[in-house]
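Numbering (numbering that gives the first Met the number 0), first residue to last: 0 to 265. All C-beta atoms, glycine included, are put in the ideal place defined by N, C-alpha and C. For reference, the structure is listed below as structure tokens.
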Amino acid sequence: MLKGTAYAPDWARAWLLINSAMGVRRGFYRHLAAHLMAHGIGVLTYDYRGIGDSVAADAANVRLEDWGRKDFPAAIHWLRASHAPQRVVVLGHSVGGQLVGITPAITKIDGLVGVASQAGHWRHWSGLERAKVFTLWYAAIPLMTAFGSTFPASYLGLGQDLPAGVARQWAQWGRDRDDIRSPAVGPQPQFYDDIRCRLRTYLIEQDDLAPERAVRAWHDWFPNAERELVNLGSHTPGGRRIGHFGFFDPDIGAGEWPALADFVRG
0 MLKGTAYAPD WARAWLLINS AMGVRRGFYR HLAAHLMAHG IGVLTYDYRG
50 IGDSVAADAA NVRLEDWGRK DFPAAIHWLR ASHAPQRVVV LGHSVGGQLV
100 GITPAITKID GLVGVASQAG HWRHWSGLER AKVFTLWYAA IPLMTAFGST
150 FPASYLGLGQ DLPAGVARQW AQWGRDRDDI RSPAVGPQPQ FYDDIRCRLR
200 TYLIEQDDLA PERAVRAWHD WFPNAERELV NLGSHTPGGR RIGHFGFFDP
250 DIGAGEWPAL ADFVRG
């Protein structure tokens, strides 16, 4: 059973549904969610199966595509059934943005936001970071999941430990030049081309987990959306480094939250 948290004002016309980054529990997004709720916007956060409080009885058999094909549309369905919002906007953080296009439910939303969402092929990185991603896809994940039911992502600083099947499919996609969009290894059918709502992509410079080339490649997965790319730079006006997670830190990313709220309201 999936576990989620609804940040519900007394009445909200617009809701934001957050798809988490890889191995990140829903509580990480609580500061942004509470801020938006205080400004009249509902927010739903949830844990993918096998992550956080969403314990999976068959964790060994969970695959990454399950998060996009089953968990994400289940969250949308619950939100519409429980709160009947007039607007639903989806925010994908990192891999949470990659997963949105493998369910037809995405064609019924009113807006899409990507925060450091990226295409995962290793060639989108450069230098030492390219070598690290290459090693992750071709060696670390295959070897470390060969005989166990989990991948020790926390040991590598990549969030919570992952079900082995999730990690293996993550690596499989990352080895293909077209990533999840690959006709050979990506789940079918796909609906990225069918998304026609507004899309705002936040690019963060000097983000080792989502370099500019990878973010722009993800942005191009949605050719028929009304696309907008916002470059936040590498540091806040006060000199704080943003990085892959800073957008959701009230001490770092809060300056951009009013603009996000306006986007969600439409």
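Candidates the options, of which the one nearest residue i by Cα
i, options, result
"Trp136", "Tyr45, Gly119, Ala209", "Gly119"
"Arg264", "Asp248, Val54, Asp109", "Asp109"
"Ile101", "Met36, His123, Met21, Pro72", "Pro72"
"Leu63", "Thr149, Thr4, Ile194", "Thr149"
"Ala209", "Ala20, Val89, Ala139", "Ala20"
"Ser27", "Thr4, Met36, Pro8, Trp14", "Looking at the sequence provided, one finds Phe at residue 27 rather than Ser. The shortest C-alpha separation from Phe27 is found at Thr4."
"Asp57", "Asp9, Met0, Gly113", "Met0"
"Gln97", "Met143, Gly185, Lys107", "Gly185"
"Ala104", "Val87, His123, Leu35", "Val87"
"Leu43", "Ser53, Phe262, Leu90", "Leu90"
Residue range of the alpha helix (DSSP H) that includes residue i
i, result
"Val165", "163-174"
"Leu135", "Premise fails: Leu135 is in no alpha helix (DSSP H) and is neither H nor E."
"Pro72", "71-82"
"Arg29", "29-37"
Span of the beta strand (DSSP E), counted from its first residue to its last, around residue i
i, result
"Trp14", "13-18"
"His92", "86-92"
"Ala272", "No answer is possible for residue 272: the residues shown for the chain start at 0 and end at 265."
"Leu111", "110-114"
"Ala5", "3-6"
Reduced DSSP secondary structure (H/G/I, E/B, other) of residue i
i, result
"Arg48", "coil"
"His234", "strand"
"Gly254", "helix"
"Thr102", "coil"
"Val263", "helix"
"Phe150", "strand"
"Glu204", "coil"
"Gly126", "helix"
Cβ-Cβ distance between residue i and residue j below 9 Å
i, j, result
"Ala11", "Gly39", "yes"
"Ala276", "His243", "Here the chain has residues from 0 to 265 only, and residue 276 is not among them."
"Gly22", "Asp160", "yes"
"Glu255", "Tyr201", "yes"
"Pro162", "Val61", "yes"
"Asp250", "Arg240", "no"
"Tyr45", "Ile17", "yes"
Nearest-angstrom beta carbon gap, residue j and residue i [assumed within contact, 8 Å]
i, j, result
"Ala224", "Leu111", "7 Å"
"His30", "Phe221", "The Cβ separation is near 28 Å, so there is no contact."
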